[in-house]
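Position one of the sequence shown corresponds to residue 4 (the numbering used here), numbered consecutively onward.
Quick reminder that beta carbons are idealized off the backbone N, C-alpha and C, glycines included.
Source: prediction; values computed, not measured.
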Amino acid sequence: MKTHTDYQTIDYNGKPVFVLVPWEEFKRVRPLLEGDKACSTGIPQEVVEAHVLSKVPMIRAWREHIGITQGELAARMGVSQAAVAKLEKPDAKPRVATLKKVADALGISPSQLDV
4 MKTHTDYQTI
14 DYNGKPVFVL
24 VPWEEFKRVR
34 PLLEGDKACS
44 TGIPQEVVEA
54 HVLSKVPMIR
64 AWREHIGITQ
74 GELAARMGVS
84 QAAVAKLEKP
94 DAKPRVATLK
104 KVADALGISP
114 SQLDV
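Have a look at this one:
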């Protein structure tokens, strides 16, 4: 059951500048806010949903969105399929140079790999 929530608005010079939102409500809408950020950087909704809602790493989300296999991405990057698999692990921390190589292979900018 959904209950009505009263939000507290903080005004400055007669205009609202902040809204206090209950924590549970914020946790519910946060993925939507991150999606807005992604839209401003040119990240398709499908990629955002895979990353934010399904916890899919960005490299994998983009690769699947584009419709290529790990092997195809590896060939474009000049690395092995196993190397791409490592980059797609949730705990991977690729170097900036590697992210640029991935972005080039996917035909996107490196900033589109970051939400």
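Taking all protein chains shown into account, do 16 or more other C-beta atoms lie within 10 angstroms of the C-beta of residue 98, making it buried, or fewer, making it exposed? exposed
So, is residue 46 buried or exposed, given that buried needs 16 or more other C-beta atoms within 10 angstroms? buried
Taking 8 Å as the cut-off, decide whether the C-beta atoms of residue 22 and residue 14 are in contact. no
Sorted by chain position, which residues of the same chain lie with C-beta nearer than 8 Å to residue 4's C-beta, five sequence neighbours on each side aside? A caution first: residue 4 carries a pLDDT of 40, below 50, which makes its placement in the model too unreliable to give a value.
Can you tell me where the alpha helix (DSSP H) with residue 50 in it begins and where it stops? 48–55
Residues of its chain near residue 50, where Cβ-Cβ distance is below 7 Å and the 5 sequence neighbours each way are ignored: 64, 65 and 68
Can you find the residues in the same chain that come closer than 6 Å, C-beta to C-beta, to residue 113, ignoring five residues on each side of it along the sequence? 102, 103 and 106
Would you call the CB atoms of residue 60 and residue 85 closer than 8 Å? no
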